[in-house]
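Working notes, structure below.
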Amino acid sequence: MRLNGIHLSFGRTPVLKGIDLAIEPGEFFAFLGPSGCGKTTLIRLIAGFEKAQKGRVFIAGREISALPPWRRNLGMVFQNYALWPHMTVRKNVAFGLEERRLPRPEINRRVDAVLELVGLLDLGHRRPSQLSGGQQQRVALARTVVVEPQVLLLDEPLSNLDAKLRVQMRHELRQLQRKLSVTTIFVTHDQEEANTTADRIAVISDGVIQQVGTPMELYDRPTNLFVASFLGVANVVAGSVVVENGRAIFRSRDGAVSLPLESTAAEAVNIVFRPQNLAVLPPGDEPPPGATHLSGRVQHREFLGSVVRYRVQVGAHSLLVDASHQRDEEALPEGAAVSLGLHREQIIALSSEPSPGEGR
Amino acid sequence: MLKSEFTKHPALSIVMLLIALFLVLFLIVPVILVVFVAFQDVSTGQFTLINFKDFFNTALFRESFWNSLYVGLMTVLVASAFSMPLAYFTSRFEFRGAVIVQSLGIIPLIMPPFVGAVAMLMLFGRNGSLNLILEQWFGLNLPLMEGLNGVIFVESIHYFPFIMINLSAALNNIDRTMEESAQNLGCFGLRLFRRIVLPLAMPGYVAGASLVFLKIFDDLGTPLLLNVNNMLAPQGYLRIASIGIKDPMGYVISVILVVVALASMWLAKLLLRGKEYAMVQKGGGGLAKRRMRPWEKLLAWIIILVIMILVLAPHLGLLLLSLGTVWSYSILPDAFTFKHFLAIFDATPEYMTNTVLYSGLAGGIDVLLATAIAYLVLRTKLVGRQWLDYAAMAAVAIPGLVIGIGYLRTFYGFRVPWLENQPLATWWVAIVVALAVRRLPYALRACTAALQQVSVSLEESAENLGAAKFATVRKIVVPLMAGGILAGFVTSFATAAVELGMTLMLVSQNADGPLSYGIYVYMQSAAGRGPGAALGIMAVVAVGLCTLISHVVVDRRQRKYGLARTG
Chain S
5 MRLNGIHLSF GRTPVLKGID LAIEPGEFFA FLGPSGCGKT TLIRLIAGFE
55 KAQKGRVFIA GREISALPPW RRNLGMVFQN YALWPHMTVR KNVAFGLEER
105 RLPRPEINRR VDAVLELVGL LDLGHRRPSQ LSGGQQQRVA LARTVVVEPQ
155 VLLLDEPLSN LDAKLRVQMR HELRQLQRKL SVTTIFVTHD QEEANTTADR
205 IAVISDGVIQ QVGTPMELYD RPTNLFVASF LGVANVVAGS VVVENGRAIF
255 RSRDGAVSLP LESTAAEAVN IVFRPQNLAV LPPGDEPPPG ATHLSGRVQH
305 REFLGSVVRY RVQVGAHSLL VDASHQRDEE ALPEGAAVSL GLHREQIIAL
355 SSEPSPGEGR
Chain E
626 MLKSEFTKHP ALSIVMLLIA LFLVLFLIVP VILVVFVAFQ DVSTGQFTLI
676 NFKDFFNTAL FRESFWNSLY VGLMTVLVAS AFSMPLAYFT SRFEFRGAVI
726 VQSLGIIPLI MPPFVGAVAM LMLFGRNGSL NLILEQWFGL NLPLMEGLNG
776 VIFVESIHYF PFIMINLSAA LNNIDRTMEE SAQNLGCFGL RLFRRIVLPL
826 AMPGYVAGAS LVFLKIFDDL GTPLLLNVNN MLAPQGYLRI ASIGIKDPMG
876 YVISVILVVV ALASMWLAKL LLRGKEYAMV QKGGGGLAKR RMRPWEKLLA
926 WIIILVIMIL VLAPHLGLLL LSLGTVWSYS ILPDAFTFKH FLAIFDATPE
976 YMTNTVLYSG LAGGIDVLLA TAIAYLVLRT KLVGRQWLDY AAMAAVAIPG
1026 LVIGIGYLRT FYGFRVPWLE NQPLATWWVA IVVALAVRRL PYALRACTAA
1076 LQQVSVSLEE SAENLGAAKF ATVRKIVVPL MAGGILAGFV TSFATAAVEL
1126 GMTLMLVSQN ADGPLSYGIY VYMQSAAGRG PGAALGIMAV VAVGLCTLIS
1176 HVVVDRRQRK YGLARTG
């Protein structure tokens, strides 16, 4: 699928501000972003329910921008499942096939097959109101998958389920997709969902694609602050790079953090590192090679089971530090002075220019 | 436990008992008595079905029964036919005329069909304005007002806005994704409407339509004023009025009316129970609207214009009738005058003063009862309080005619000592009580809604600060409910002013009659049409004002106190 230069406004409000994207066949692709970023609008545009003022949509080389929703052969699962309450599960699932005027025996065969696939074969005669949330979602999925669409569009399919079910369902979703090898676009605001299921993710904020990449690429190599803080927890320190004695040195604004930094970025720089990139050093110890020493004071601590997360005041900065927890280890008390080692090769350096789409 | 609840709130328990007594005496007993008599052999007093057999064996009664069914169904069909295009326009398109369409819904509320019935005759009858024009120009004569057609025509015009708003609401309640998911799977256009939209809108629509059917089935005034006597309700009235309260046919008819009423209400409730159909999600309910093309806009406006003319026709006709001198075999009255208005104030002011008196008293009783019942049901845990609610609301299923007959039968034996032993049933106070009982459900609904908006914590904080229950009710609950109470009062007042069914049964002399009765009496003669119409205008003005006041007051209070709107 290809999206070229999509611009969409509702009245005077711009919602999508120049979307360009290419999605490979068979990919499980996620649109990830906070509420109101435009991801649902984008998927509705692809389905044909919204009209862009500018831009084109292609599937398998064919332009579909002008086609009405009922001619696009894309399967969409809505957030509220949109199961028709006056029809049984079987009739719901058979609907798309009936619209394609397939012969009745063929319809029955395919409906049986897909209900078997999602594990609801004995519930075919029930009405949607008699099903649980997870079952309803499966019916919605079955209904879309049975017509063998070119692309599957899932609009926050897991957000109406409780936490435990969500984990199970996302796993099943992924398995189903692999089995059918259908290109799938999955909209979510939950980065854990996106990370665990998607082949590639487009991070969207404020109507603009911030970055596209695999989950690990986005986590390890964010190209702007938004992506860095949206996927995972990030410590951000603002400062600038100066040349001293022939070496490039990063110095934070308050001077508390200073370290050698190989950076081709602009002079004004944000350095970003994760809580697990900071090690708590035993008092008096030198930092290991490749690490810079920082000293600070523990402001707050949270016991998260596998780690203890400290908030440490270093100069003017409040940094999050994750120390892995083994059984019976004592945690540092609040107010204690602490020595930290920052692993330099883990640092991501980003220029201080605003992220795309920021600052209207 | 039962005992402790009652002893904990002795005052409230007594109040509950008194209300129960009132409802039993003035609602339950008369209705049960009517049912009893229908199944009673006139001579032996034993249980029998012979009255019903006689009823269905008599050609006139059979005909009346089928006619009433026919008129009810046809009216719903015709009104639906009118409503379809408008509901379609407002729900499918971005249409600025939607506001006008909505306000059309208010117009019939302020004038019941019988008031304008004679005026409609003048406009659409065989020798009415429209047919005179049509004959002159096209040699045509439309039998719009002949016999049953007249009743159907008048009732459709009156009830069509109800049905339209009902249909629009049913369409608007359909979640957009219901339609979109169907489109996504390849369905569109008429097929989409047939497979998805219509089935989803059906329950809401049929529920509303069945309630409208019920109102038409029970309507006494319109057929009477159009001289159509071969329908069920007029037959019931005529039997009792001419033969007397011993005649079993009147009771048989009452039972049939009540059974049909209950059946319609049960159907409506059954259909609306599947409220899961109305699951409006974020992103807005209602079907996606699209822009109208210019010719579609023109068509829409033309349709709206035609329908508006029809809806306003009774009001216009009534106005002409009230201001005209002689209007006979002519398109418009010969000349205009105010003498009819003067006449009603001069010769028969009692119609208006009675209305104010009866409605005022009935409204007051209703509000007291409604507030008390609402409080008891929502705020206490007394055993059996739900039954008060059910009993009061049951009055909705009882047509006015039946209550009238019931009162006549129940109270005829009793005499009023200080009024020269006049029968209790025809004392004007009986009219007030009957009005109160019949309109109680509406007041109760308004008060219950108002009380539900008042959070319990407001009372509890008052009690926490030392106020006893009664003081709390008086100082906190009632003022906050006042908007709803006022709305309840005004609704009772407005509808009581134009009630005809039971009024006709219970009024024994013209001097005791309210507005509705006066209109009926005047319209019996050609000369009386003018003053009758003038009375009609007074009724419309009164009800219109009341409706306006209740809307304005309720709105203003809600804004002032920031009370959330219910539903």
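Here the protein sequences line up with chains S and E, keeping their order.
Quick note, our numbering runs 4 ahead of the 1-based positions in the first sequence.
Quick note, our numbering runs 625 ahead of the 1-based positions in the second sequence.
Every residue gets a Cβ at the ideal spot worked out from N, C-alpha and C, and that includes glycine.
Treat the numbers as computed from the prediction; the structure is a model and nothing was measured.
- The stretch 858-867 of chain E makes no contact with the stretch 643-651 of chain E; the number of CB pairs closer than 8 angstroms stays below 3.
- The beta carbon of Asn84 of chain S sits closer than 8 angstroms to the beta carbons of Asn164 from its chain, once the five residues preceding and following it are set aside; these are given in chain order.
- Of the candidates S:Glu110, S:Gly339 and S:Gly128, the residue whose Cα lies closest to the Cα of Val97 of chain S is S:Gly128.
- Spanning the alpha carbons of Phe963 of chain E and Ala995 of chain E requires a straight line of approximately 41 angstroms.
- Taking 8 angstroms as the cut-off, the beta carbon of Val1123 of chain E is found no closer than this to the beta carbon of Ser1150 of chain E.
- Identification of residues in the stretch 149-166 of chain S having a C-beta nearer than 8 angstroms to some C-beta of chain E yields Val151, given in sequence order.
- E:Tyr1145 is the residue among E:Met933, E:Leu1111 and E:Tyr1145 whose C-alpha sits nearest the C-alpha of Met1127 of chain E.
- Residue state for Met874 of chain E is assigned as helix, using DSSP reduced to three classes.
- Spanning the alpha carbons of Val150 of chain S and Gln214 of chain S requires a straight line of approximately 34 angstroms.
- Sequence-distant Cβ neighbours of Phe277 of chain S in its own chain, meaning closer than 6 angstroms and more than five residues away, are Asn239, Gln350 and Ile351.
- Taking a Cβ-Cβ cut-off of 7 angstroms, the neighbours of Ile821 of chain E in chain S comprise Trp88, given in sequence order.
- In this structure Ala1152 of chain E is exposed. Its beta-carbon is surrounded by fewer than 16 other beta-carbon atoms within 10 angstroms.
- A direct Cα-Cα distance of roughly 28 angstroms separates Leu12 of chain S from Leu145 of chain S.
- For Met745 of chain E, the enclosing alpha helix (DSSP H) has its first and last residue at Pro738 to Phe749.
- Residue contact check for Gly811 of chain E against chain S: a CB pair falls below 8 angstroms.
- If you compare the alpha carbons of S:Arg76, S:Lys58, S:Ile275 and S:Pro292 with that of Ala353 of chain S, the shortest gap goes to S:Ile275.
- Between the alpha carbons of Val325 of chain S and Met220 of chain S lies a gap of roughly 21 angstroms.
- Rounded to whole angstroms, the gap between the alpha carbons of Ala704 of chain E and Met789 of chain E is 8 angstroms.
- In the same chain as Phe672 of chain E, and ignoring 5 residues on each side of it, the C-beta atoms closer than 6 angstroms to its own belong to Phe664, in chain order.
- Put simply, the CB of Arg104 of chain S is near chain E, with a gap under 8 angstroms to one of its CB atoms.
- When rounded, the separation of the alpha-carbon atoms in Arg1010 of chain E and Asp991 of chain E is 17 angstroms.
- Closest in C-alpha terms to Leu101 of chain S, from the list E:Cys812, E:Met1106, E:Phe661 and E:Tyr695, comes E:Cys812.
- When secondary structure is reduced to three states using DSSP, Asp159 of chain S falls in the strand class.
- Taking 8 angstroms as the CB threshold, Pro824 of chain E lines the interface with chain S.
- The Cβ of Pro73 of chain S sits closer than 8 angstroms to at least one Cβ of chain E.
- Separation of the CB atoms of Trp88 of chain S and Gln808 of chain E is rounded to 13 angstroms, and the pair is thereby denied contact status at 8 angstroms.
- Phe230 of chain S does not reach chain E, its nearest Cβ partner there being about 25 angstroms away, counting only Cβ pairs nearer than 9 angstroms.
- The three-state secondary structure of Leu648 of chain E, taken from DSSP, is helix.
- Counting along the chain, the unbroken beta strand (DSSP E) around Tyr314 of chain S starts and ends at Val311 to Val318.
- Counting C-beta pairs closer than 8 angstroms gives three or more between the stretch 1015-1024 of chain E and the stretch 1060-1068 of chain E, which meets the contact rule.
- Exposure of Lys168 of chain S is indicated by the presence of fewer than 16 other C-beta atoms within 10 angstroms of its C-beta.
- Note on Asn1089 of chain E: under 16 other CB atoms within 10 angstroms of its CB, so exposed under the neighbour-count rule.
- Listed by position along chain S, the residues whose Cβ is nearer than 9 angstroms to that of Ser716 of chain E form an empty set, because the closest Cβ is around 18 angstroms away.
- What Ala51 of chain S touches in chain E, judged by beta-carbon distance under 7 angstroms, is Asn809, going in chain order.
- Counting only runs of 3 or more residues that sit fully inside the stretch 10-34 of chain S, the beta strand (DSSP E) segments are 17-26, in chain order.
- Every unbroken stretch of the beta strand (DSSP E) spanning 3 or more residues and falling wholly within the stretch 31-64 of chain S is given here in chain order: 32-36 and 58-63.
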